[in-house]
Structure formats: structure tokens, C-alpha cells
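The sequence shown runs contiguously to residue 445 in this note's numbering.
Every residue gets a Cβ at the ideal spot worked out from N, C-alpha and C, and that includes glycine.
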Amino acid sequence: MFDQLSDRLQKVMKFLRGEGKITESNLNEALKQIRLALLEADVNYKVVKDFEARIKVKALDQTVLDSLTPAQQVIKIVRDELSEILGTTDKPLTFASAPPSIFMLVGLQGSGKTTTCGKLAKWAVGKGKNPLLVSFDLKRAAAQDQLRTIAGQLRLPFYEMTAQAMAKPKTALADLLVFTRNHGYDLLLVDTAGRLHVDDELMDELKFVKDALAPIETIYIGDAMTGQDAVKSAKAFAEKIGLTSLILTKLDGDARGGAALSIVAVTNVPVKFIGVGEKFDKLEVFHPDRMASRILGMGDILSLIEKAEQETDLKEAEEMARRLRKQEFTFDDFRSQLRQLKKMGLLEGLLGHLPQAGPFKKLAGAQMDEKRLLHFEAIINSMTAAERDDPKIINGSRRLRIARGSGRPVSEVNQLLRQFQDMKSMMKKSVFQKMMSSFK
Ligand SMILES: Nc1nc2c(ncn2[C@@H]2O[C@H](COP(=O)(O)OP(=O)(O)OP(=O)(O)O)[C@@H](O)[C@H]2O)c(=O)[nH]1
Ligand SMILES: [Mg+2]
Numbered sequence: 006m007f008d009q010l011s012d013r014l015q016k017v018m019k020f021l022r023g024e025g026k027i028t029e030s031n032l033n034e035a036l037k038q039i040r041l042a043l044l045e046a047d048v049n050y051k052v053v054k055d056f057e058a059r060i061k062v063k064a065l066d067q068t069v070l071d072s073l074t075p076a077q078q079v080i081k082i083v084r085d086e087l088s089e090i091l092g093t094t095d096k097p098l099t100f101a102s103a104p105p106s107i108f109m110l111v112g113l114q115g116s117g118k119t120t121t122c123g124k125l126a127k128w129a130v131g132k133g134k135n136p137l138l139v140s141f142d143l144k145r146a147a148a149q150d151q152l153r154t155i156a157g158q159l160r161l162p163f164y165e166m167t168a169q170a171m172a173k174p175k176t177a178l179a180d181l182l183v184f185t186r187n188h189g190y191d192l193l194l195v196d197t198a199g200r201l202h203v204d205d206e207l208m209d210e211l212k213f214v215k216d217a218l219a220p221i222e223t224i225y226i227g228d229a230m231t232g233q234d235a236v237k238s239a240k241a242f243a244e245k246i247g248l249t250s251l252i253l254t255k256l257d258g259d260a261r262g263g264a265a266l267s268i269v270a271v272t273n274v275p276v277k278f279i280g281v282g283e284k285f286d287k288l289e290v291f292h293p294d295r296m297a298s299r300i301l302g303m304g305d306i307l308s309l310i311e312k313a314e315q316e317t318d319l320k321e322a323e324e325m326a327r328r329l330r331k332q333e334f335t336f337d338d339f340r341s342q343l344r345q346l347k348k349m350g351l352l353e354g355l356l357g358h359l360p361q362a363g364p365f366k367k368l369a370g371a372q373m374d375e376k377r378l379l380h381f382e383a384i385i386n387s388m389t390a391a392e393r394d395d396p397k398i399i400n401g402s403r404r405l406r407i408a409r410g411s412g413r414p415v416s417e418v419n420q421l422l423r424q425f426q427d428m429k430s431m432m433k434k435s436v437f438q439k440m441m442s443s444f445k
């Protein structure tokens with residue numbers, strides 16, 4: 006469904022590549038492509054308009070990371086906006102203040118309602134809940150069997166809706182509530198019937214169940230693999246039944262996640278979880294930013310953007326370079342450099358992404374392995390503040406003490422002191438500075 010979005014964004018990238026900076030006119034062209042892609046994917050027109058307007062303001066505002074090219078900046082803004090539409094994750098499923106909490110699962114046939122019932126039951130048990138499972142399907146007797154089996158696998162209680170009881174659905178639901186309360190279950194998970202398409206009979210049935218049980222959560226289970234139909238039916242469910250949450254299933258497959266955007270856009274209801282497999286533990290908390298990246302499907306560019314977002318670390322490195330120029334570079338600085346290298350392989354990662362990596366290859370090759378970084382750090386930790394500040398005072402006896410303190414041989418202490426000098430002169434040759442300025 007969102008293949009076009011990715012294609013169109015590639016076009017935007019190509020188009021902006023030749024542009025030195027973002028201007029009103031080249032941005033308009035880029036936005037046109039994005040708008041078309043979203044509209045083609047059947048995203049609500051108003052949502053697209055708002056989306057576009059927000060992107061425009063941000064792109065022209067220029068507060069985006071300096072280290073990105075105009076094309077990358079636009080992609081970054083689009084990604085950020087997508088995650089904003091997809092919503093925040095800090096609204097988990099709600100439990101009722103007075104138990105039992107009732108969660109009712111609705112959706113089209115085969116969307117994953119029954120499976121998700123099992124997943125939610127397992128998740129709830131992990132949260133210390135005591136759930137009861139029930140299936141309410143006036144038409145299909147086999148629905149009982151499937152959920153009973155799932156309850157059995159999870160060793161959880163299952164409430165049998167007999168054909169006899171179902172003959173009087175109102176009484177059946179009232180009895181269910183009494184049973185749930187009397188047995189102290191604090192969560193009732195209600196599986197419901199599905200149909201291939203939205204039909205009035207189903208809507209009436211679901212509305213009836215909802216009115217009788219007054220669930221705190223009415224969760225639409227949407228199959229991420231089905232495109233347009235899922236969007237239309239989600240809208241119908243939202244309007245006719247009223248939804249509080251969404252769970253998207255089958256995101257372990259090829260689904261790009263575009264359905265997420267469209268369903269959220271048309272229902273205005275947040276996604277809480279995603280299903281990523283058939284097993285009961287294949288339920289994940291929904292992360293809007295990850296979904297946005299998935300929709301964009303531009304892994305490389307997005308990871309570059311993420312690296313650049315570690316700008317604070319770069320700023321710190323720049324500060325190092327400045328201190329070095331002024332001959333203020335100390336072992337304290339060296340140590341924080343080592344820690345940075347260790348933390349994210351920053352240099353290597355960034356160099357890998359740069360087209361002009363050639364001149365910096367030598368530096369990347371000079372990367373030290375992780376163990377050595379740790380040893381060096383231990384040695385620096387054994388120095389006194391005065392020694393770190395002015396390594397010239399580190400004479401023979403001090404070297405011996407540092408070696409003992411760090412548990413490393415004297416030869417290694419000597420090596421580090423040499424390396425420190427090398428680094429200073431290497432930086433003086435401004436390789437480092439040149440590299441830093443290439444991020445500007
Ligand atoms: N790969 C994958 N398969 C899933 C996921 N969720 C459900 N399924 C599969 O989808 C199929 C349908 O799932 P059900 O849970 O029976 O769907 P339903 O909505 O209850 O279907 P009806 O009761 O017929 O309306 C089953 O084969 C499930 O194993 C998921 O997150 N990933
Ligand atoms: Mg089912």
C-alpha cells in the first residue's frame with residue numbers, strides 16, 4: 006500500500022540532491038510528491054493537508070540537524086511527522102478502576118481477534134491480572150472451540166457460552182457478568198464474531214454486546230496485510246460501534262505498516278500493540294517511530310539520520326578539537342573520547358556513511374579494538390587528576406604506580422602515553438578537525 010510513498014520519496018531525494026538548500030519552491034515540489042503518495046494510499050485528505058502544512062513549516066524553519074543534506078532533512082521531518090500522527094505510546098490499554106476490566110475485541114474475519122485474545126491474556130497475566138476468556142459469536146459454534154483451546158494452552162479459565170444460553174443473549178451476557186464478579190476475575194477478554202465484510206447484522210450484534218457489557222476497551226484488531234479494506238472497515242467499526250484502541254496484526258510479514266497510518270488517520274484511535282507472529286508471546290508494544298521508519302522503508306537514510314541525531318556527541322568531539330588547538334587536550338579529554346568510541350563506534354559508523362570516506366580511511370583503520378579501549382580506560386582511571394591534566398609529570402615511578410593500580414603492564418602504560426602524544430599530533434595535523442567540519 007505504501008510502496009508508492011517510498012518510491013516517491015526516492016524521487017524527492019533525487020530531486021533535492023542537486024539543491025544546496027531547501028527553498029520554498031523546491032520544497033513545494035517535494036511536498037507534492039509526498040502528498041500524492043499519501044492520497045494514493047487513501048489517507049484522509051484533511052490528514053494529508055495538515056501533514057503537509059506541518060512539514061512545510063518545519064522544513065523552512067531550518068532547526069533540523071546541520072549535518073544532514075536538504076534531502077535527508079526532508080526525510081527526517083517526514084519521519085518525525087509520521088510518528089507524531091501515529092501517536093504516543095504512553096497510553097497503554099486502560100484497566101477499570103473498579104474490576105473487572107472488560108476488553109472487547111472486534112474486527113473482520115481472520116484479522117486475528119481470537120489469537121490476540123490469547124496474546125492479551127498472556128500479557129495481562131504478566132501484569133498480575135487474573136483474566137477470564139469468553140467468546141461471543143451468535144452464528145459460529147466453532148468459535149467457542151478455538152478460544153477454549155487457546156485458554157487451555159495458556160492454562161487460563163474459559164467461560165462457555167452454550168447454544169442454549171445464546172438463545173437468550175441478553176440473559177447470557179448478564180450471567181457472564183455475574184459469574185466474572187462472583188469468581189473475582191479482574192479482566193474479562195471478550196472475543197467476538199468476524200465477517201468478511203462489514204454488515205449490518207454483525208454491527209448490530211457487536212453493538213448489542215457492547216451495550217450489555219460496557220467494556221472499558223473496545224479494541225479493533227486490524228490485519229496489516231489487508232490494504233484498503235481494513236481502512237474502510239476500521240472506519241465503519243469506529244463509527245458504528247465506537248473504538249478505544251487498535252491492535253495491528255501480522256506485522257511479521259511483508260506488511261509495510263502503511264495500514265497503521267491509514268487506520269489511525271481514519272479512526273483517530275491509537276495503536277497499542279502490534280502482532281508479530283502466531284504465538285502468544287508475539288505481541289509487541291507499538292512504537293510510532295519504528296512504524297514510521299517501516300512505512301518509509303528507507304533504512305540506510307534513516308540510520309544515518311539517527312547517527313546525526315547524536316549531535317551532542319559530535320559537539321563534544323568538536324569541543325575536543327578546539328581544546329586541542331589550544332593545547333588544552335588532556336587525558337580527561339582522551340578518556341571521554343575513548344568512552345565515546347566505545348559507546349557507539351561513532352567514527353567508524355559515520356565514516357562509513359560518508360561518500361568522501363577516502364581521505365579518512367586511515368583514521369578509521371586506526372580504530373582500536375574494544376578490549377584495548379577498556380584497558381586504556383583503566384590505565385587513565387589510575388592516574389591522579391594532576392597526571393591526567395599534565396602527562397609530562399608522569400615519570401618512571403608514577404608509571405609503575407599507574408600500572409599496578411590498573412592491573413596492566415608498564416609497557417602498556419608507556420604505549421598509552423605514546424598513543425596520547427600521537428593522537429595529539431594527529432589532531433594537530435587537523436585530520437580530526439577536517440572530519441568534524443565535513444559534518445557541517
Ligand atoms: N503471522 C501472524 N499470524 C497471525 C497473527 N495474528 C493472527 N494470526 C493468524 O491469523 C489467522 C486468523 O487468526 P484468528 O485469531 O483466528 O482470527 P479471527 O479474527 O479470530 O478470525 P474469525 O474468528 O474467523 O473472525 C490464524 O492463522 C492466526 O494464527 C500475527 O500477528 N502474525
Ligand atoms: Mg476468531
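Secondary structure note for Thr223: its beta strand (DSSP E) is the uninterrupted segment Glu222 to Asp228. Close CB contacts of Lys255 within its chain, under the 7 Å cut and outside five residues either way in sequence, are with Gly117, Asp228, Ala229, Met230 and Gly280 (chain order). Cα atoms of Ala172 and Ala217: separation of roughly 15 Å, rounded to the nearest angstrom. Here the C-alpha atom of Glu382 lies approximately 8 Å from the C-alpha atom of Arg344. As DSSP reads the structure, Tyr164 sits in a beta bridge with Val139. By the Cβ criterion, the segment 168-184 is not in contact with the segment 79-92, since fewer than three pairs of Cβ atoms, one from each stretch, lie closer than 8 Å. DSSP lists no bridge partner for Ile155. The segment 142-160 and the segment 180-188 do not touch, with fewer than three beta-carbon pairs separated by less than 8 Å. Here the segment 205-213 makes no contact with the segment 92-106; the two share fewer than three CB pairs at distances below 8 Å.
The closest CA to that of Ser238, considering only Thr223, Ile252, Leu138 and Thr272, is found on Thr272.
Less than 8 Å separates the beta-carbon of Leu192 from that of Pro105. Relative to ligand 1, the beta carbon of Lys255 is positioned inside 7 Å of a heavy atom.
No Cβ-Cβ contact shorter than 8 Å links Leu65 with Glu24. Taking the Cβ of Thr231 as the reference point, every heavy atom of ligand 1 lies at 7 Å or farther away.
For Val53, the enclosing alpha helix (DSSP H) starts and ends at Tyr50 to Asp66.
Cβ contact annotation for Ser387 (same chain, cutoff 6 Å, sequence separation greater than five): Ile407, Gly410 and Ser411, in chain order. When the five nearest sequence neighbours on each side are left out, the beta carbons in the same chain lying within less than 7 Å of the beta carbon of Met166 are those of Val139, Ser140, Phe141, Gln149 and Ala177, in order along the chain. Each of Glu57, Lys19 and Tyr50 was checked against the Cα of Asn33, and the nearest Cα belongs to Glu57.
Per the coordinates, the alpha-carbon of Asp395 lies some 14 Å from the alpha-carbon of Arg340. Of the candidates Ala101, Leu125 and Arg145, the residue whose Cα lies closest to the Cα of Lys287 is Leu125. Excluding residues up to 5 positions away in sequence, Phe141 lie with their Cβ nearer than 6 Å to the Cβ of Val214 in the same chain.
Residue pairing from DSSP places Phe278 in a beta bridge opposite Ile252 and Val290. One thing to note: Thr120 has its Cβ within 8 Å of the Cβ of Glu283. With a cutoff of 8 Å on beta-carbon distance, Ser88 and Ala297 are scored as near each other.
Short note on Gly280: C-beta closer than 7 Å to some heavy atom of ligand 1.
Short of 8 Å from the beta carbon of Arg13, and not among the five residues preceding or following it, lie these beta carbons of its own chain, in chain order: Gln38, Ile39, Leu41 and Ala42. In the DSSP assignment, Phe334 falls outside any beta strand (DSSP E), carrying neither H nor E. Counting along the chain, Met388 sits inside no alpha helix (DSSP H), nor does DSSP assign it H or E at all. For Val130, the enclosing alpha helix (DSSP H) stretches over residues Lys118 to Gly131.
Closest in C-alpha terms to Val290, from the list Lys240, Pro162, Glu244 and Leu253, comes Leu253. In this structure, Gln149 has its CB at a distance of at least 7 Å from all heavy atoms of ligand 2.
Taking the C-beta atoms as reference points, Ala391 is found no nearer than 8 Å to Ile385.
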